[in-house]
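Asks:
Below, the structure is given as structure tokens:
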């Protein structure tokens, strides 16, 4: 369930379960005009990893997850290497799930934190 945007960003999903998703993307090609990791790229990683965990959870009872709220707080700049996202559930229910996502640089420094809330709807998304 990776999108064309994720492909263009070079995102690679390394682990996925209903309890955790880990994905990474290169900084190169995903920067703003000053050469820093783009905040929108952080948003994409939060949305992707949180949604994947939510959908892994939801499919077990015939539902699909769609994002309804996203926020990202940026903590430090990144100029090179990769950014790795780790998404874990804060709460998983039958109709709503919320997920915490931490983004780190190659040295383990915290780049950003995000939170995604997903609504669980009937069947797979259209």
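Numbering (my numbering), first residue to last: 2 to 127. We put the CB at the ideal spot given by N, CA and C, even for glycine.
Is residue 6 closer than 7 angstroms to residue 71 when the C-beta atoms are compared?
Replies: Contact flag unset, no.
Asks: If you drop the 5 nearest sequence neighbours on each side, which residues of the same chain put their C-beta closer than 7 angstroms to that of residue 79?
Replies: 28, 37, 38, 106 and 112
Asks: Taking a contact to mean a Cβ-Cβ separation below 7 angstroms, would you say residue 18 touches residue 57 in this structure?
Replies: yes
Asks: Thinking residue 31 and residue 42 are a contact (beta carbons under 8 angstroms), I'd like their distance in whole angstroms, please.
Replies: 4 angstroms
Asks: CA-CA distance, residue 101 and residue 45?
Replies: 14 angstroms
Asks: To which residues of the same chain is residue 13 closer than 8 angstroms at the C-beta, ignoring the five residues directly before and after it?
Replies: 24, 25 and 26
Asks: Nearest-angstrom Cα distance between residue 34 and residue 98?
Replies: C-alpha separation (whole angstroms): 35 angstroms.
Asks: Rounded to whole angstroms, how far is the Cβ of residue 77 from the Cβ of residue 110, which I believe are closer than 8 angstroms?
Replies: Indeed, because the Cβ distance is near 6 angstroms, the residues count as touching under 8 angstroms.
Asks: Assuming residue 19 is part of the beta strand (DSSP E), what are its boundary residues?
Replies: No beta strand (DSSP E) holds residue 19; DSSP gives it neither H nor E.
Asks: Can you tell me the Cα-Cα spacing of residue 55 and residue 93, whole angstroms?
Replies: The alpha-carbon atoms of residue 55 and residue 93 are separated by roughly 8 angstroms.
Asks: Going by Cα to Cα distance, which pick from 63, 69, 86 and 62 is closest to residue 50?
Replies: For residue 50, the nearest C-alpha among the options comes from 86.
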